[in-house]
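Quick note: to get this note's numbering, add 492 to the position in the sequence shown (first position is 1).
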Amino acid sequence: HQVRIDRDAAAAEDETVLLPLMLDTARDPVAFLTGAILALRAEAEALAAGKATLWLVARCGKVNGKADGGRGLAEALAAAARTLANEYSGIALRFATLAPALPDEAAAAALAGLIGSATAAGAAETEFEIDRDGVFVGRVEPARPAPQEAGAEDRAARLALSAPGSLGRIGWVAAERRAPGPDEIEIEVAASGLNFRDVMFSLGLLPDDYLEDGFAGPTLGFECAGTVRRVGAAVTGLKEGDRVMGFAPAAFATHVTVPAQVAMPVPEGIDLAAAATMPVAFITAWYALVHQARLGRGETVLIHGAAGGVGLAALQIAKLRGATVVATAGNEDKRALAQLLGADLVLDSRSLAFADEIRWKLGGVDVVLNSLSGDAMRRSLRALKPFGRFVELGKRDFVADTAVGLRAFARNVSYFGVDADQLLNAQPGLTKRLLRELDRLFAQRRLTPLPHRVFPADQAEDAFRLMQGAGHIGKIVVTPPREIPAAPAVEARFEAQGTGFHLVTGGTGGFGFATALWLAEHGAKTIVVASRRGTLGPAEKAEAERLAQRGVTLAAERLDVTDRAACEKLLAALERRHGPLRGIIHAAMVLDDGLLRDLDAARIERVLAPKIKGAIHLDLVSRTRAPDYFVLFSSATTLIGNPGQANYVAANAYLEALARTRLAQGLPALAVSWGAIADAGVLARDAAKGDALKRRIGRSSLKAAEALEQLGRLLARPAATPQEAAVACARIDWQAATRELPILATPRLAGMADGRRAETAEAEIDLAAMIAGRSDAEAQAIVTETMLGEIGRILRMPPADIDPDRAFAELGMDSLMGLELDAAMQGRYGIDLPFLSIGAGLTLNELSGRIVARLRGGAPAAAPEAAPPAEATQLLAKHLETDLEEDTAVLVREAVRDRAKTTRRVLG
């Protein structure tokens, strides 16, 4: 049953092998697919010793959405073949399906012609469908945009990050306006304050656990000012039309809806752009100096980073409290500003001599407001007088778990850690009291707005880059766009469906249970979660009891979805108890990962059965019941042929084909291929699986709430064609993933290689091949010219204006820009840069020479860890005083170390 075509019998690597498979739709699909996958594996093992081309040929149904019973089998085999192509890199795999209506002679002629043309063309395509109309190839495309139905008055926009790792990936997108709850207000934003936290988040340098405990969460923007447009029923003290300033997640937006208690009136005479500079800086400084440190009249306070947002606010508050202020700043201009605004003694934060000078001139200080780290932090602690108070705003020493000796505390010294983002989230009562105190002082003009620079919406990236380069004093403010894109479609709601029940298979835990809770939050009154065990764990039981208090029934039932009779019996019983079936979500799954060479029939069937048989049985028993929706949970691994999951990707591909078949037959259907979901399901329980998947498709996972929000939008906007019945919802860095999974370089996925931005849509370039056969001087010139283009993009200047013989620091490159350059060079050229040396006087020409030596097998450049601590400190120093979250820049060094320990940084 194999046909071998040898172009050159003497060369094994030129062998082409055909493996034909007749798709037997009369057989049990799980048994058929198990046998076919094992046959495919056996052929791959036989060819693994040399390079060969393996054609898997299957008799299948019609293309263009006209599916028959063989479509699911064909797509499952194609997905398994993608995994094989990734696991057996020496085999060039091609997959072709033949329509059953084609006569044997016509099919053979078409296939022979295809093989010949594919060989002549270099075989860029890997998957084909052949029928009477010709040869077709598949393409994965971006989902169609939501219809623009909302009126202009209902539209909103927000600044979003398409993928962490580059400031070039921020942009304004359509958003939904949310009506305020009883205790909330909606603000039409006039201006938003930029904090260094936003820059760090955009560059992918803030881990999830750094963000998840805060008020703002993983969003861009934390503070804004604007006009109240809508007010909740229980809100007092604020009304429509009031000018306010305050805090908001995703504050870079045209509209935000927030609790009324985190907003304050803007005093008369202060414009809204100036007001946007005040919330974060002043609540941080007030909480730190007044509430925690109890700074009093006549005391002395040391304020590090006094020219940044928090530093300038702290200087005002300290003078208001009658304290003597010692300020530090990193350059002469910033020190001059601090002195102009009232600092009594101004010192250089870049020199550790500040502590000795304080002790010599003042004998010590009563309070330290710290944003420095390491030795500078320890010296600041030793500068305290007895009964002094040390307030830490920085993050680096917390993240690094830095040891601090206890000797200083023997003198009744106190230590406080401060984070305004966590304060707002964890202490709403205290937050309300602090804001009342600040509101009074703002109204009396005893505290005033900070120096600032305003950027319009279309220059948001410029604003981020200015802060990245520490080129500002005070605050940076961004105004939202005037032209607002249409809002996306609203999410599905289930209140109007009346009686009946919703069934979620695999719903007693993980992402399935999260889906059940989502149904309840969106109006479903009766949800049945079913699984083999049929019971809820303690946490799930508590959630079910909470829903019961709201009149929602969430019941667990035992069900083996591989048993059709059991499915029919359960549905009949549930109909008698709860009324008609309203919808089905098939989330049941089993994982048994392993390379193809290690899988046996039992392990393959164990994964295929609950997915495939479950979907088939639910499809059959629901056809006479006409549910409003029929959803199958698939995985983005189907798109990429994830190594180690051939059984899983085959099962999910079958589900996607079933969804297209149902929709072609006029039945509701949606298959969603989820990416990595961080906080629910198997990846939340198994860190190793999550890390492996993130390495291949991106480090930025979806949260369950984000995923289900997308599900709601998909259900609210049903698929218009069978092709749209299967949708992937995942954060994937296609360029970075291609280095891990070569099959992604094929034309089938070319349209998904981050085509939203040309800068990331280019294919990886082989620099080693470009310099092959060149002299060292010519090779170095090629590398230098290549990097000039990247540096010009980051510095936003023409490459011709960049002198490759000037040190990176003189060009304006700092450690954060070096990190962005490293990400770009990895993504486009597959090269890791030793970019910590950028701050050690290295020039572009010198770095190019090192890269050439590395590409040609010479001594590699020093790894980032080898850089001396002083060098890293120097690179990070100027970012330690830039803004509220300025000190988070110290996380850069930890990110650099992480990068040196991994093969590549893949961001979602």
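Using N, Cα and C, we set each Cβ at its ideal position, and we do this for glycine too.
- With fewer than three CB-CB distances shorter than 8 angstroms, the stretch 671 to 691 does not count as touching the stretch 879 to 887.
- In the three-state reduction of the DSSP assignment, ALA726 falls in the coil class.
- ASP1085 is classed as buried because its beta carbon has at least 16 other beta carbons within 10 Å across all chains shown.
- If you compare the alpha carbons of LEU1150, LEU697, THR923 with that of ILE1104, the shortest gap goes to LEU1150.
- Beta-bridge partners of TRP547 (DSSP): LEU510, ARG586.
- PRO1239 counts as exposed, since fewer than 16 other C-beta atoms from the protein chains shown sit within 10 angstroms of its C-beta.
- In the structure shown, the three-state DSSP call for TYR1121 is strand.
- Between ILE1224 and LEU1194, the gap from beta carbon to beta carbon reaches 8 angstroms or more.
- For GLU680 and THR971, the gap between their C-alpha atoms comes out near 11 angstroms.
- Linking PHE986 to LEU1073 through their CA atoms gives a straight-line distance of about 13 angstroms.
- Residue state for PRO741 is assigned as coil, using DSSP reduced to three classes.
- Under the three-state reduction of DSSP output, GLY1075 falls in the strand class.
- Sorting ASN862, PHE714, ALA726 by C-alpha distance to the C-alpha of ALA785 places ASN862 at the top.
- Rounded to whole angstroms, VAL549 and THR517 show a C-alpha spacing of 16 angstroms.
- Looking at the DSSP output, PRO757 bridges to VAL736.
- DSSP places THR618 outside any beta strand (DSSP E), giving it a letter other than H or E.
- A residue is called buried once 16 or more other Cβ atoms fall within 10 Å of its Cβ, and TRP852, having fewer, is exposed.
- The count of Cβ pairs closer than 8 angstroms, one atom from the stretch 575 to 587 and one from the stretch 1118 to 1127, stays below three, leaving the stretches out of contact.
- In this structure, ALA1022 sits near LEU1062, with a CB-CB distance shorter than 8 angstroms.
- If you ignore the 5 residues before and after ILE622, its C-beta comes within less than 8 angstroms of the C-beta of ALA588, THR589, LEU590, ALA591, LEU594, ALA599, ALA602, LEU603, LEU606, PHE628, all in its own chain and listed in chain order.
- DSSP places ALA593 outside both helix and strand once states are collapsed to three, so it counts as coil.
- The way I'd put it, the stretch 792 to 802 does touch the stretch 822 to 836; three or more beta-carbon pairs between them come closer than 8 angstroms.
- At least 8 angstroms separates the beta-carbon of VAL1082 from that of ARG1069.
- Considering only ARG624, ARG586, ARG631, GLY630, the residue with the shortest C-alpha distance to SER609 is ARG586.
- Here LYS1033 is exposed. Its C-beta has fewer than 16 other C-beta atoms within 10 Å.
- When DSSP reads this structure, PRO751 sits in a beta bridge with GLU676.
- The distance from the Cβ of VAL859 to that of ALA875 is about 11 angstroms, inconsistent with a contact at the 8 angstroms cut-off.
- ILE662 is positioned such that its CB atom lies no closer than 8 angstroms to that of PHE947.
- Linking LEU565 to ALA572 through their CA atoms gives a straight-line distance of about 11 angstroms.
- Here ASP705 is exposed: its Cβ has fewer than 16 other Cβ atoms, across all protein chains shown, within 10 Å.
- Between THR1335 and ASP1297 a beta carbon distance of about 5 angstroms is seen, short of the 8 angstroms cut, so the two are scored as contacting.
- Annotation for ILE1283: PRO1291, ILE1294, LEU1303, MET1305, LEU1313, LEU1336 place their beta carbon closer than 8 angstroms to its own, counting only its chain and skipping 5 residues before and after.
- The Cβ-Cβ distance between ALA1107 and THR526 does not fall below 8 angstroms.
- Excluding its 5 nearest sequence neighbours in each direction, VAL910 has C-beta neighbours in its own chain below 7 angstroms: THR776, TYR779, ALA780, GLN784, VAL883, GLU884, LEU885, listed in chain order.
- When the beta-carbon positions are compared, ALA984 and THR1054 stay at least 8 angstroms from each other.
- The straight-line gap separating the alpha-carbon atoms of ASP931 and PRO757 is approximately 7 angstroms.
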